[in-house]
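Engineer: Mind looking over this structure? Questions follow.
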Amino acid sequence: MPSIKSLILSGVAVAALGVTGAVVAVSTVDTTQPASAAAPPNSDPSQKVTPMPSNTDPSTINPRVRQMEADAIRGTGLNIPQGWRIVSVRTERHDDREVTVIRHQPGGYRPGGEHASVVLDEHGTILGFTRLEDGGDQALPSPERSEQIALDFLRDVAPDHVDGLKVEWANRHDETVTGSGGTKHTVSGMKVKMRHDNGLYTWVIVGPDGAVLTYERDITWDSSQGRRGTQMWLHDSWITAHDGTGPQPDAPYALATRRG
């Protein structure tokens, strides 16, 4: 698989806009304190972040970024809702790894709204994925079924990683997103949390239909701060804090690097 490094955009910027109006930030942060792991370096605050206009021509996005994302999620069961276009692409850090964060939304960039985001390292490895959309109130799979779905998913998406994982628990997990009209919606799933032999954490959130809603891997815990160590590119309230357009979320959210 070709490297994703330096493929991001030519003439198209990345997105980090302030929240206008009452918007509830989405989150898949884990509030259960895991065992200690080394704290990672903060993201580089010198990264340039500029808004992608809502009328940006999708054809100007580097096609190699689209291809890298398509290659990464192909055959994994992960999917982007039809009609959701790329609204931002940014180069950031996941601890000591350079990553590309690709965000899709209906309409345009709107923090706190429905979105699908993919975090890829330079080799195209998926380090994070989320698809948060209003799916209504449906029955969730059992913890046992959710664990089975999560492990089957990991055998496909991260076969070299799954054997080192041990399931810690599986519980219901709720998120809130805000529609364009200001209506709040709850997105529910069963979160299966795992710890790897290397001390890092992985989790998979399984939706009512058995589809994977969220996946993160190689997550550190900063025991000195009592909060997550790894950056949080799937979490809007953390992103706005990192970009200097929102407050620092309370623990267990990671510390965000502010600009300016």
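Numbered by mature numbering (1 follows the signal peptide of the UniProt record, and there is no 0), the letters in the sequence shown go through residues -25 to -1, 1 to 235 in order.
Even glycine gets a Cβ: it sits at the ideal position worked out from N, Cα and C.
#1: Assign Ser199 to buried or exposed, taking buried as 16 or more other Cβ atoms, counted over all protein chains shown, within 10 Å of its Cβ.
#2: Would you kindly report the start and end of the unbroken alpha helix (DSSP H) that includes Leu126?
#3: With H, G and I counted as helix, E and B as strand and the rest as coil, what does DSSP make of Gly83?
#4: Looking at the unbroken beta strand (DSSP E) that takes in Ile61, where does it start and where does it end?
#5: Closer than 8 Å is the cut-off here; do at least three beta carbon pairs connect the region 150 to 162 with the region 80 to 91?
#6: Excluding five sequence neighbours on each side, which residues of the same chain lie with their C-beta closer than 7 Å to the C-beta of Arg147?
#7: Count the other CB atoms within 10 Å of the CB of His69; is the residue buried (16 or more) or exposed (fewer)?
#8: Drop a sphere of 10 angstroms on the beta-carbon of Lys168, count the other beta-carbons inside from all chains shown, and report buried for 16 or more, exposed for fewer.
#9: Look up Glu191 in the DSSP assignment and give the residues it is bridged to.
#10: Between which two residues does the alpha helix (DSSP H) harbouring Arg147 extend?
#11: What separation, rounded to the nearest whole angstrom, lies between the Cα atoms of His79 and Phe104?
#12: Assess, as a yes-or-no matter, whether the region 127 to 143 is touched by the region 214 to 229 under the definition of 3 or more beta carbon pairs within less than 8 Å.
#13: Any idea what DSSP makes of Trp213, helix, strand or coil?
#14: Taking Asp46 as part of the alpha helix (DSSP H), name the residues at either end of that continuous run.
#15: Excluding five sequence neighbours on each side, which residues of the same chain lie with their C-beta closer than 7 Å to the C-beta of Ala186?
#16: Is the separation between the beta-carbon of Ala91 and that of Ser121 shorter than 8 Å?
#17: How would you call Arg49, buried or exposed, if buried means at least 16 neighbouring beta carbons within 10 angstroms?
#18: If you drop the 5 nearest sequence neighbours on each side, which residues of the same chain put their C-beta closer than 6 Å to that of Val94?
#19: Checking 8 Å against the spacing of the C-beta atoms, do Asp96 and Arg72 come in under that value?
#20: Verify whether the separation of the beta carbon atoms of Asp112 and Glu89 is less than 8 Å.
#21: From which residue to which residue does the beta strand (DSSP E) around Gly164 run?
#22: Tell me whether the beta-carbon of Gly139 lies closer than 8 Å to the beta-carbon of Asp172.
Structural biologist: Quick answer:
#1: Indexing the sequence shown from 1 puts residue 199 at position 224. Per the 10 Å Cβ criterion, exposed.
#2: Here residue 126 corresponds to residue number 151 of the sequence shown, with the count starting at 1. Residues Pro118 to Val132.
#3: Along the sequence shown, one-based indexing puts residue 83 at 108. Looking at Gly83 - three-state DSSP - the assignment turns out to be coil, as it is neither helix nor strand.
#4: Position 86 of the sequence shown, counted from the first residue, corresponds to residue 61. Following the DSSP letters along the chain, one finds Ile61 inside the beta strand (DSSP E) bounded by residues Arg60 to His69.
#5: Output reads yes: the region 80 to 91 touches the region 150 to 162.
#6: Numbered from 1 along the sequence shown, position 172 holds the residue referred to as residue 147. Within the same chain, Cβ atoms closer than 7 Å to the Cβ of Arg147 are found at Leu115, Ser163 and Met165, the five residues on either side in sequence being excluded.
#7: Counting from 1 along the sequence shown, the entry for residue 69 is found at position 94. Answer is buried; the Cβ neighbour count reaches 16.
#8: What you label residue 168 is simply residue 193 of the sequence shown in a count that begins at 1. It counts as buried.
#9: The residue you call residue 191 lines up with position 216 of the sequence shown. Paired residues: Gly103 and Trp178.
#10: Here residue 147 corresponds to residue number 172 of the sequence shown, with the count starting at 1. Premise fails: Arg147 lies in the beta strand (DSSP E), Leu140 to Thr153, not in any alpha helix (DSSP H).
#11: Indexing the sequence shown from 1 puts residue 79 at position 104. Indexing the sequence shown from 1 puts residue 104 at position 129. Cα-Cα distance, rounded: 11 Å.
#12: The region 214 to 229 vs the region 127 to 143: no contact.
#13: Mapped onto the sequence shown, residue 213 falls at position 238. Helix at Trp213.
#14: As a position in the sequence shown, residue 46 is number 71, starting the count at 1. In the DSSP assignment, Asp46 falls within the unbroken alpha helix (DSSP H) covering Pro38 to Ile48.
#15: Looking up residue 186 in the sequence shown gives position 211. Hits under 7 Å: Gly52.
#16: Position 116 of the sequence shown, counted from the start, is the residue given in the question as residue 91. Position 146 of the sequence shown, counted from the start, is the residue given in the question as residue 121. Taking 8 Å as the cut-off, the beta carbon of Ala91 is found no closer than this to the beta carbon of Ser121.
#17: Position 74 of the sequence shown, counted from the first residue, corresponds to residue 49. Arg49 comes out exposed.
#18: Numbered from 1 along the sequence shown, position 119 holds the residue referred to as residue 94. Taking Val94 as the centre and dropping the five residues before and after it, the same chain places the C-beta of Val74, Val76, Leu102, Gly103 and Trp208 closer than 6 Å to its C-beta, in chain order.
#19: The count along the sequence shown starts at 1 and reaches residue 96 at position 121. The count along the sequence shown starts at 1 and reaches residue 72 at position 97. For Asp96 and Arg72, yes; Cβs fall inside 8 Å.
#20: Translated into the one-based positions of the sequence shown, residue 112 becomes position 137. Translated into the one-based positions of the sequence shown, residue 89 becomes position 114. For Asp112 and Glu89, no; Cβs fall outside 8 Å.
#21: Locating residue 164 in the sequence shown gives position 189, counting from the first residue. Per DSSP, Gly164 is one residue of the beta strand (DSSP E) stretching across Lys159 to His171.
#22: Position 164 of the sequence shown, counted from the first residue, corresponds to residue 139. Position 197 of the sequence shown, counted from the first residue, corresponds to residue 172. It is a contact, given that the beta carbons lie within the stated cut-off.
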